[in-house]
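Sequence positions in the sequence shown follow my numbering and run 28 to 458. The structure appears below as structure tokens.
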Amino acid sequence: MDRKLRIGVFGGYRGHTMINVLYAHPHAELVAVCDKYQPLLDKVRTEAEEKGMNVALFNNFEDFFNYDMDAVILANYANEHAPFAIRCLDKGMHVLTEVLPCETMAQAVELIEAVERSGKVYAYAENYCYMNHSFEMWRRYEEGAIGEVTYCEGEYIHDCSAIWPNITYGERDHWRNRMYATFYCTHSIGPMLTVTGRRPVQVVGFETPPDPCSAGLGTVAGSGIEMITLDNGAIARSVHGGLKREPSSTAYMFYGTKGMMETARFKEENKRFNLYRESDKLCIGDWEKYDPEPVIEADMAKKFASHGGADLYATHFFIEKILGNPVAEKYSIDVYRAVDMGICGILAYRSILNGNVPIAVPNLRNPEERDAWRNDHACTTPEVAGDQLLPPSSFPSKRIKDEVYDYVRDIWVKDNHANAEHPYPGNPFEE
Ligand SMILES: NC(=O)c1ccc[n+]([C@@H]2O[C@H](COP(=O)([O-])OP(=O)(O)OC[C@H]3O[C@@H](n4cnc5c(N)ncnc54)[C@H](O)[C@@H]3O)[C@@H](O)[C@H]2O)c1
28 MDRKLRIGVF
38 GGYRGHTMIN
48 VLYAHPHAEL
58 VAVCDKYQPL
68 LDKVRTEAEE
78 KGMNVALFNN
88 FEDFFNYDMD
98 AVILANYANE
108 HAPFAIRCLD
118 KGMHVLTEVL
128 PCETMAQAVE
138 LIEAVERSGK
148 VYAYAENYCY
158 MNHSFEMWRR
168 YEEGAIGEVT
178 YCEGEYIHDC
188 SAIWPNITYG
198 ERDHWRNRMY
208 ATFYCTHSIG
218 PMLTVTGRRP
228 VQVVGFETPP
238 DPCSAGLGTV
248 AGSGIEMITL
258 DNGAIARSVH
268 GGLKREPSST
278 AYMFYGTKGM
288 METARFKEEN
298 KRFNLYRESD
308 KLCIGDWEKY
318 DPEPVIEADM
328 AKKFASHGGA
338 DLYATHFFIE
348 KILGNPVAEK
358 YSIDVYRAVD
368 MGICGILAYR
378 SILNGNVPIA
388 VPNLRNPEER
398 DAWRNDHACT
408 TPEVAGDQLL
418 PPSSFPSKRI
428 KDEVYDYVRD
438 IWVKDNHANA
448 EHPYPGNPFE
458 E
């Protein structure tokens with residue numbers, strides 16, 4: 028292609044990370060941004076003026092959708108990516124979506140079929156696969172450093188209680204307030220699938236008791252655990268949510284037939300990446316311990332070092348995959364792997380609601396496995412689920428009072444995006 032790719036970004040909050048990458052990328056340009064929240068558009072307008080760039084700004088999706096773009100990045104609400112992605116693919120645009128890939132099993136099928144009929148690039152921005160330590164695990168596993176996986180763990184623990192006002196704005200229906208324990212699962216599951224190259228075949232889900240302060244901030248779900256059987260028989264344990272610890276944790280561990288590798292869980296005390304490899308004598312081996320650095324496009328990656336060095340790569344690999352770069356072809360996460368990651372969480376919640384029973388994970392690469400899920404709309408969003416609506420937690424809960432959302436919104440609006448120091452002071456539930 029003799030010109031830069033024309034890319035638009037839908038959702039300017041988290042989407043601003045992608046906007047920053049596009050400002051700097053040699054093969055793509057930011058041509059449009061859409062967000063209904065005007066301050067986010069104003070910020071882009073100011074930046075674009077400073078850079079002498081022309082960026083079209085839209086406060087509604089329809090006008091954005093009709094703008095002339097080669098590709099879009101969807102950083103809108105986490106439960107709404109698939110329907111927008113399908114429309115964009117059907118219009119002939121390449122699509123990169125933030126986490127998560129789909130809200131329902133029906134959307135998983137629809138998304139895969141939209142990618143197949145469009146022939147366009149779909150990429151999944153699971154940046155936790157590209158953190159310095161998890162990306163290093165991917166490369167070391169590929170070179171055979173620990174042999175074949177037998178057991179692994181992925182952990183994304185992030186207590187967002189203090190920042191809840193800034194990420195839910197006091198909106199009762201915000202996806203973060205409606206999400207169930209195992210929905211936001213791909214930060215912990217994702218790297219286990221990219222590192223090992225395996226596919227999930229079965230999942231059992233668990234929900235921890237909800238944190239007592241959650242309801243006073245507007246949400247009722249506990250943290251999620253998925254016990255996943257991989258297609259070589261290995262077991263993967265994923266845990267994610269707002270359990271109490273600081274700093275937050277993004278840790279991964281892989282046991283294989285020749286050794287193991289793991290993240291130091293309190294990074295200031297230890298090296299980030301640790302690998303044990305057995306020698307030709309049983310139970311005797313060597314350790315390697317180091318802090319990995321970016322390898323691919325290292326200079327550019329260091330400029331986008333948020334999220335453990337990861338935030339260049341999803342956008343970069345998306346752009347380069349469109350342009351036919353084989354490195355990007357290898358590392359960009361395609362729709363099948365994205366759906367593998369996302370549906371483990373959807374099906375884990377079925378498991379939880381049915382007494383932690385094992386649920387088979389379909390391989391939606393196979394057209395013959397799709398029909399069973401085509402009409403499965405179960406989720407916690409009433410407009411999507413219809414009569415298949417699920418409760419937001421497996422633990423009994425009541426409806427949260429409006430006053431709780433007013434309290435959270437006041438912190439966000441009146442206190443100028445302050446952190447919450449305490450939950451709503453009083454009984455958060457309606458009588
Ligand atoms: N990968 C990561 O590290 C990471 C970190 C944070 C958020 N995320 C993801 O990024 C996405 C966005 O999350 P967020 O933190 O920015 O919060 P968010 O979901 O509250 O924000 C979404 C943004 O999109 C805008 N938006 C949504 N629907 C719109 C519509 N129909 N028309 C116009 N504007 C619309 C909203 O105004 C908001 O600014 C989510 O998918 C989330 O999972 C990923």
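Even glycine gets a Cβ: it sits at the ideal position worked out from N, Cα and C.
Where Lys316 falls, given that 16 or more other Cβ within 10 Å makes a residue buried: Here residue 316 is taken as the residue at index 289 of the sequence shown, counted from 1. The residue is exposed, with fewer than 16 neighbouring Cβ atoms inside 10 Å.
Cβ-Cβ separation, Gly269 to Ser188 (assumed contact under 8 angstroms), whole Å: Position 161 of the sequence shown holds residue 188. Position 242 of the sequence shown holds residue 269. Their Cβ separation, rounded to whole angstroms, is 6 angstroms, which keeps Ser188 and Gly269 in contact under 8 angstroms.
Between the CA atoms of Arg304 and Thr407 - distance to the nearest angstrom: If you number the sequence shown from 1, residue 407 lands on position 380. If you number the sequence shown from 1, residue 304 lands on position 277. Between Thr407 and Arg304, the C-alpha separation is close to 45 angstroms.
Proximity winner among Asp403, Asp307, Arg41, relative to Gly286 (alpha-carbon distances): The residue labelled residue 286 in the question sits at position 259 within the sequence shown. Minimum Cα distance to Gly286 is reached at Asp307.
Residue(s) in a DSSP beta bridge with Leu257: In the sequence shown, the residue the question calls residue 257 occupies position 230. Answer is Pro227.
contact_flag[the segment 244 to 261, the segment 144 to 162] where n(CB pairs < 8 angstroms) is 3 or more: no
Selected residue, minimal CA-CA separation from Thr284, among Cys179, Ala332, Thr342: In the sequence shown, the residue the question calls residue 284 occupies position 257. Selected option, being the one with the closest Cα: Cys179.
Sheet register partners of Trp314 (DSSP bridge): Mapped onto the sequence shown, residue 314 falls at position 287. BP columns for Trp314 point to Tyr303.
Inter-residue Cα distance where the pair is Arg438 and Val431: Here residue 438 is taken as the residue at index 411 of the sequence shown, counted from 1. Here residue 431 is taken as the residue at index 404 of the sequence shown, counted from 1. It is worth fixing the name first, because residue 438 is Ile in this sequence and not Arg. One C-alpha to the other measures close to 11 angstroms.
Segments assigned alpha helix (DSSP H), at least 4 residues, entirely inside the segment 102 to 181: 108 to 117, 132 to 145, 159 to 169
Among Gly413, Met120, Glu457, Leu49, nearest to Lys330 - alpha-carbon criterion: What you label residue 330 is simply residue 303 of the sequence shown in a count that begins at 1. Nearest option by C-alpha distance: Leu49.
Check: Arg41 C-beta below 7 angstroms from any heavy atom of ligand 1: Translated into the one-based positions of the sequence shown, residue 41 becomes position 14. Indeed, a heavy atom of ligand 1 lies less than 7 angstroms from the Cβ.
The segment 182 to 198 / the segment 350 to 365 touching (three or more Cβ pairs under 8 angstroms): no
Enclosing alpha helix (DSSP H) for Glu76 [first to last residue]: Here residue 76 corresponds to residue number 49 of the sequence shown, with the count starting at 1. Where Glu76 is concerned, the enclosing alpha helix (DSSP H) stretches over 65 to 78.
Any non-hydrogen atom of ligand 1 closer than 7 angstroms to His160 Cβ: To locate residue 160, count along the sequence shown from 1; it is residue 133. Checking every heavy atom of ligand 1 against the Cβ of His160, none is found closer than 7 angstroms.
Residue nearest to Asp429 in terms of C-alpha spacing, selected from Ser421, Pro418, Gly453: Locating residue 429 in the sequence shown gives position 402, where the first residue counts as 1. Of Ser421, Pro418, Gly453, the residue nearest in Cα terms is Gly453.
Alpha-carbon spacing of Gln229 relative to Asp90, whole angstroms: As a working note, residue 229 is residue 202 in the sequence shown. As a working note, residue 90 is residue 63 in the sequence shown. Taking the straight line from one Cα to the other gives about 42 angstroms.
Proximity winner among Val82, His449, Ser215, relative to Ala55 (alpha-carbon distances): For the purposes of this step, residue 55 is taken as the residue at position 28 of the sequence shown. Ala55 has its Cα closest to that of Val82, out of Val82, His449, Ser215.
Ligand 1 heavy atom lying under 7 angstroms from the CB of Tyr157: Within the sequence shown, the letter at position 130 stands for residue 157. No, the beta carbon of Tyr157 sits no closer than 7 angstroms to any heavy atom of ligand 1.
Cys61: CB within 7 angstroms of a non-hydrogen atom of ligand 1: Your numbering for residue 61 matches position 34 in the sequence shown. Correct: Cys61 has its Cβ closer than 7 angstroms to ligand 1.
DSSP state of Glu289 mapped onto helix, strand, coil: As a working mapping, residue 289 is identified with position 262 in the sequence shown. In the structure shown, Glu289 sits in a strand (DSSP, three-state: E or B).
Enclosing beta strand (DSSP E) for Tyr211 [first to last residue]: Here the question's residue 211 lines up with position 184 in the sequence shown. Taken as a continuous stretch (DSSP letters only), Tyr211 belongs to no beta strand (DSSP E), as it is neither H nor E.
Ala23 beta carbon near ligand 1 (any heavy atom closer than 7 angstroms): Since the first and last residues shown for the chain are 28 and 458, residue 23 lies out of range.
Rounded distance between the beta-carbons of Cys115 and Val126, thought under 8 angstroms: One-based indexing of the sequence shown puts residue 126 at position 99. One-based indexing of the sequence shown puts residue 115 at position 88. In fact, because the Cβ distance is near 17 angstroms, the residues do not count as touching under 8 angstroms.
Identified DSSP bridge partners for Met280: By 1-based counting over the sequence shown, the position of residue 280 is 253. DSSP output for Met280 lists Glu180, Glu289 as bridge partner(s).
Inter-residue Cα distance where the pair is Ala263 and Pro218: Here residue 263 corresponds to residue number 236 of the sequence shown, with the count starting at 1. Here residue 218 corresponds to residue number 191 of the sequence shown, with the count starting at 1. Each residue's alpha carbon lies about 11 angstroms from the other.
Reduced DSSP category for Arg199 - H, G, I as helix; E, B as strand; rest coil: Your numbering for residue 199 matches position 172 in the sequence shown. Reduced to three states, the DSSP call for Arg199 is coil.
Contact belief for Val60 with Leu68 at Cβ below 8 angstroms, rounded distance in angstroms: As a first step, residue 60 is located in the sequence shown; it is residue number 33 there, counting from the start. As a first step, residue 68 is located in the sequence shown; it is residue number 41 there, counting from the start. Indeed, because the Cβ distance is near 6 angstroms, the residues count as touching under 8 angstroms.
Nonlocal neighbours in the same chain, by C-beta distance under 7 angstroms from Glu175, ignoring five residues either side: Within the sequence shown, the letter at position 148 stands for residue 175. Excluding sequence neighbours, Glu175 sits near Asn259, Gly283, Thr284.
C-alpha gap between Glu77 and Val71, whole angstroms: As a working mapping, residue 77 is identified with position 50 in the sequence shown. As a working mapping, residue 71 is identified with position 44 in the sequence shown. Each residue's alpha carbon lies about 10 angstroms from the other.
Contacting residues, own chain, Cβ-Cβ under 8 angstroms from Glu273 (five flanking each side not counted): As a position in the sequence shown, residue 273 is number 246, starting the count at 1. Around Glu273: Asp186.
Inter-residue Cα distance where the pair is His449 and Val36: Position 422 of the sequence shown holds residue 449. Position 9 of the sequence shown holds residue 36. Approximately 34 angstroms between the Cα atoms of the pair.
Ligand 1 heavy atom lying under 7 angstroms from the CB of Tyr104: The count along the sequence shown starts at 1 and reaches residue 104 at position 77. Yes, the beta carbon of Tyr104 sits closer than 7 angstroms to at least one heavy atom of ligand 1.
Sequence-distant residues of its chain with Cβ nearer than 8 angstroms to Arg426 (five each side left out): Walking along the sequence shown from the start, residue 426 turns up at place 399. Excluding five sequence positions before and after Arg426, the CB atoms of its chain that fall closer than 8 angstroms to its own CB belong to Phe456, Glu457, given in chain order.
Stretch-stretch touch, CB-based, cutoff 8 angstroms, three pairs: the segment 104 to 119 with the segment 127 to 135: yes
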